[in-house]
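In this note's numbering, the protein residues as written are 943 to 1155.
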């Protein structure tokens, strides 16, 4: 039996962060498909009672421990393995700063935008979509400027901050209606550097559930 089990589905960028981390560190892991679009499993009372009270993926099972929230899981895996871990207190706090920024601002807006555009019924209200797009553009601009300074977010090597920030950025441009790498050259080069890491895989190849039945 694999050491790690990740409850996930292919369309979740939040789950992709953890799946990618597991693959990059060469962990012995398996995905456990969560039927979000069919049965709406995470929203069920049973799933919230037995798996995650927040009704979300990712959920990681490891040696009798159950962890949720991608930032927590990335920190746990970095601490356990020493891989992609920040070095020292200053880097640890800086990584946390970017993970929080990512969850609140970058992918925190990009994820809902993509969901409302592709999966919600009815689709998102145009005014709401315009608001989200403005916030996305601002957040991408911040990341673009940061990556002009160094190859990775914290400097010359990738950390869990990078793995968090790429959460939604490898999904197809047609799902967003705009092409992020074509617009932001520093982000584009950084995505290619991350893609070159041994163990990298696309979210639709790494997790089950694509295409949606």
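Cβ coordinates follow ideal geometry from the N, Cα and C atoms, glycine included. The structure presented is a predicted model; accordingly, all values stated were derived computationally and were not measured.
Notebook entry, point to check: Counting along the chain, where does the alpha helix (DSSP H) carrying residue 1000 start and finish?
Noted result: Note, residue 1000: premise wrong, no alpha helix (DSSP H); not H, not E.
Next item on the list: Give me whichever residues DSSP pairs with residue 1018 in a beta bridge.
Entry: BP columns for residue 1018 are empty, so no partner.
Next item on the list: List the whole-angstrom C-beta distance separating residue 1012 from residue 1000, where the pair is believed to meet the contact cut-off of C-beta under 8 Å.
Entry: 6 Å
Note to self: Count Cβ pairs between the stretch 1054–1063 and the stretch 1014–1032 that sit closer than 8 Å; are there 3 or more?
What the structure shows: no
Check: So, helix, strand or coil for residue 1025, using DSSP?
Finding: coil
Check: Beta carbon of residue 1082, beta carbon of residue 1036: below 7 Å?
Finding: no
Item checked: Test item: CB-CB of residue 1041 and residue 1106 under 7 Å -> yes
Checklist line | Rounded straight-line distance, which links the Cα of residue 1093 to that of residue 1099 | finding: 7 Å
Check: Which residues mark the beginning and the end of the alpha helix (DSSP H) in which residue 1127 is found?
Finding: 1127–1137
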